[in-house]
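Here is the structure we will look at, set down as structure tokens.
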Amino acid sequence: MPTLTYRDALNQALREEMQRDPDVFLMGEEVGVYQGAYKVSRGLLEEFGPQRVVDTPIAELGFAGIGVGAAMAGLRPVIEFMTWNFALLALDQIVNSAAKMLYMSGGQIPMPIVFRGPNGAALQLSSQHSQAWESWIAHIPGLKVVAPATPADAKGLLKAAIRDNNPVIVLEGEMLYNVKGDVPDGEHVVPIGQAEVKREGTDVTLICHSKTVTTALKAADQLAADNVSAEVLDLRSLRPMDEAAVLESVRKTNRAVVVEEGWPHAGIGAQVVDIIQRDAFDSLDAPVQRVTQADVPMPYNKHLERAAKPSPEKVVAAARRVLYLDE
Amino acid sequence: MTATARSTKDTAQSELWRRLLRQMLLIRRFEEKAAEAYALGKIGGFCHLYIGQEAVGVGSLAALRDDDYVICSYREHGQALIKGVAPGAVMAELFGKSTGCSKGKGGSMHLFDAGKRFMGGHGIVGGHIPLGAGLAFAIKYRGGDQVCLCFFGEAAVNIGAFHEALNMASVWKLPIVFVCENNRYGMGTAFERVAAVTDVVEHACSYDMAAAVVDGMNVLTVYDATRRAVERARTSGHPTLLEVRTYRFMGHSMSDPLHGVYRTKDEVEEQKARDPITQLAGKLKDEGLLDQDAMDALDTEIRDEVEAAVTFADESPDPEPDALYHDVLAD
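Sequences listed follow chains V and L, in order.
Residue 177 in our numbering sits at position 177 of the first sequence, with consecutive numbering throughout.
Residue 175 in our numbering sits at position 175 of the second sequence, with consecutive numbering throughout.
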């Protein structure tokens, strides 16, 4: 199986879907001539031309809305935000236009559109460029939300998103673009709404998505050194969420830690904890722990930044708490 | 021109005038009934009437083909009726019934009929202007010769979405006509109190776009101006901004009194003297194309049509309870 970076896996998904369906086009800032701010769209302008790889002005609200309008007419736009931090300006179009169009038109107007771009903190970009948006966006009925952690999932979930007849939010990990992994050639579609066990274990479940999958896998390695067998469950989709997979794992391990890059208050982890307490309460041997970003805006200083982010050490500490190993 | 050709042209023109009069009257009578139904509690939520502004929707839509797109703000009952949505389906939607054009899910502000290319009814001021540009983008992407007519009020001009959409429509040469219905008040705020540039049309200069100021109380003027703009969009793909100066005779919504505290009764009365329906009816009478009996007959016919729409809405069922969960996501 070929080894690709996460970036090139996304590129492959875009290229293949644009080859497959002439209604698919890519629109966003710097996607064409510049080849993509993160080079996800490298080579696409040359292959598909400026009609299908459309450079926009810096006007997120405007071009997100143009994408929604094009989808109303039956095209399948892929709207790239240079980062999700800038997509905040387009939230009206995502939430009020895209997510509600089918419902408030009485089922007449489907919305086959993808909004994608990097999400979560990178390195030393301070407060405005280091945010994880998943709990904001996963709150909205009418949207689907995916957050791939590996190159294979990046390709498979983006292909599924482009083929979906609903607005799909693809949250790409800003720190994952250079990560390499095996990626199946050609037709590789990961169904939206299916979590995946990335590492099997029996003592505790580490529930994570996107970049925190890497964090959890490192933590699982460290825990193994102490003879703790951690299962790493990658949610992959945040809406719909694979509740069955969460429950199955927690019923097996009886303990859980939820890891995310977002803030703790009303975060994705809060939703996961709700699923567990509602339907697996009797299986729990300890209260569920959460590891999140510190409840502060992201600082610039690298030591403070490290202290703010989830880390393998924080996940190990949380796992030891749910296992009562430190009493 | 031969006598026959002249007479054919005259016939076509008088047919157009009669059609425009009929359409304006349909909207007027429909909206009057909607106001009654609102007072009776049959219509809930916000309900923004089009009374006074009929010439804008009627005149501009007369310049369209069936396969052209129309997208509107939340004051869109009139455009929906003229684009071909059945009066019964519009009234039923206002009543929240399952037979409504949005199955009772949208209400007054979210009328849709995709088959008629009536693309809504949108509730966030200015938010749908980029959507209109997106419909035009899709037309161009597919190499079609349709156009999109995008309606919004003058208050939307202060929103960023307006400027972003006009810029991209001009840069990309999208076949769209932006129809700004300048009724002078954004809810209760007079435009000149909140806009540095009070001639909306001047904004077109910033985006290198064709533009015109149009008398929105004269349906024929609106028709002519829109026809030119639509022709430009259809043949060259260039967008146009039309500032159509109009006036609403009613409050902003049904919860707002007739003239409120932000405008005087005298001002409203003065504007009512320019009633677009009276103007066109007078013209038809002057030209000997419509006498009072014919006018009365037309009015009766339309009142019956609107009454039938109300009956249809009244007798239609509410959505089934499980409709709550339908159409959140497509298959």
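Glycine is no exception: its CB is placed at the ideal position from the N, C-alpha and C atoms.
Since we're looking at a predicted model, the values are computed, not measured.
Item, Value
"Using 8 angstroms for Cβ pairs, my map puts Lys180/V next to Val232/V. What's the rounded Cβ distance?", "So it is not a contact: roughly 19 angstroms between Cβ atoms."
"Could you name the residues of chain L that Ile79/V contacts, counting a contact when the two beta carbons are closer than 7 angstroms?", "The premise fails here: Ile79/V is roughly 10 angstroms from chain L at the closest Cβ pair, so nothing lies under 7 angstroms."
"Can you list, in chain order, the stretches of the alpha helix (DSSP H) that have 4 or more residues and sit fully within the segment 127-194 of chain V?", "134-137, 151-163"
"Can you list, in chain order, the residues of its chain whose CB lies under 7 angstroms from that of Asp208/L, leaving out five sequence neighbours each side?", "Ser170"
"State the Cα-Cα distance for the pair Phe238/L and Gly251/L, rounded to the nearest angstrom.", "The sequence given here places His at residue 238/L; Phe does not occur at that position. Straight-line Cα distance between these residues: approximately 35 angstroms."
"Assuming Arg184/L and Ala210/L form a contact by the criterion Cβ under 8 angstroms, report the distance between their Cβ atoms to the nearest whole angstrom.", "Actually they do not touch by this definition, with Cβ atoms about 24 angstroms apart."
"Report all residues from its chain with a CB closer than 6 angstroms to the CB of Leu49/L; omit the five preceding and five following residues, and keep chain order.", "Glu31, Met250"
"Can you tell me whether DSSP reads Pro77/V as helix, strand or coil?", "strand"
"Whose CA, out of Val310/L, Ile159/L, Asp256/L, lies closest to the CA of Gly188/L?", "Asp256/L"
"Can you confirm whether Ile192/V, when its beta carbon is compared against all beta carbons of chain L, has any partner nearer than 8 angstroms?", "no"
"If you run the structure through DSSP and keep just helix, strand and coil, what is Ala309/L?", "helix"
"Roughly how many angstroms separate the alpha carbons of Ile71/L and Ala156/L, rounded to a whole number?", "14 angstroms"
"Taking the alpha helix (DSSP H) that Ala285/L falls in, what are its first and last residues?", "Contrary to the premise, residue 285/L reads as Lys rather than Ala in this sequence. It spans 276-286 - the alpha helix (DSSP H) in which Lys285/L sits, taken as one unbroken run."
"Could you work out which residues of chain V lie near Asn167/L, taking near to mean beta carbons separated by less than 9 angstroms?", "Pro57, Ala59, Gly62"
"Kindly confirm or deny that the segment 81-95 of chain L and the segment 132-147 of chain L touch, where touching means at least three C-beta pairs closer than 8 angstroms.", "no"
"Relative to the alpha-carbon of Lys105/L, which residue among Met24/L, Ala114/L, Leu94/L has its alpha-carbon at the smallest distance?", "Leu94/L"
"Pull up the distance between the alpha-carbon of Ile43/L and that of Asp299/L, whole angstroms please.", "24 angstroms"
"Hey, is Leu135/L's beta-carbon within less than 8 angstroms of any beta-carbon in chain B?", "Included in the structure are the protein chains V and L, with no chain B among them."
"Run through DSSP, which three-state label would Cys208/V get?", "strand"
"List the residues of chain V that Pro130/L touches, going by C-beta distances under 8 angstroms, in chain order.", "Leu61, Gly62, Phe63, Ala64, Gly65, Ile66, Val68, Gly69, Gln93"
"Indicate the three-state DSSP secondary structure (helix, strand or coil) for Ile176/L in the structure shown.", "strand"
"At a threshold of 7 angstroms, does Lys283/L count as lining the ligand FMN (C-beta to nearest heavy atom)?", "This structure lacks the ligand FMN, and indeed carries no ligand of any kind."
"Please report whether the beta-carbon of Ala73/V lies at a distance below 8 angstroms from any beta-carbon of chain L.", "yes"
"Whose C-alpha, out of Pro299/V, Thr292/V, Val272/V, Val250/V, is nearest the C-alpha of Leu284/V?", "Val250/V"
"Mind checking which residues open and close the beta strand (DSSP E) that includes Thr240/L?", "240-245"
"According to DSSP, what are the bridge partners of Val214/L?", "Val244/L"
"Using the beta-carbon of each residue, which ones in chain L are nearer than 9 angstroms to Leu223/V?", "Within 9 angstroms Cβ-Cβ: nothing; Leu223/V doesn't reach chain L, min ~38 angstroms."
"Measuring alpha carbon to alpha carbon, tell me which residue in Pro317/L, Leu149/L, Val219/L is nearest Leu241/L.", "Leu149/L"
"Closer than 7 angstroms by beta-carbon distance: list the chain V residues that pair up with Ser102/L, in chain order.", "Met104, Ser105, Gly106"
"Does Phe115/V come within less than 8 angstroms of chain L when only Cβ atoms are used?", "no"
"Any Cβ of chain V within less than 8 angstroms of the Cβ of His238/L?", "no"
"Cβ closer than 8 angstroms: which chain L residues qualify as neighbours of Phe25/V?", "Tyr141"
"Under 8 angstroms by Cβ, that's how I've got Leu45/V and Gly32/V pegged, so tell me the actual separation to the nearest angstrom.", "4 angstroms"
"If we cut at 8 angstroms on Cβ distances, does Ile43/L have a partner in chain V?", "no"
"Please go through the same chain and pick out, in chain order, the residues whose beta-carbon is closer than 8 angstroms to the beta-carbon of Asp185/V, but skip the five residues on each side of it.", "Met1, Pro2"
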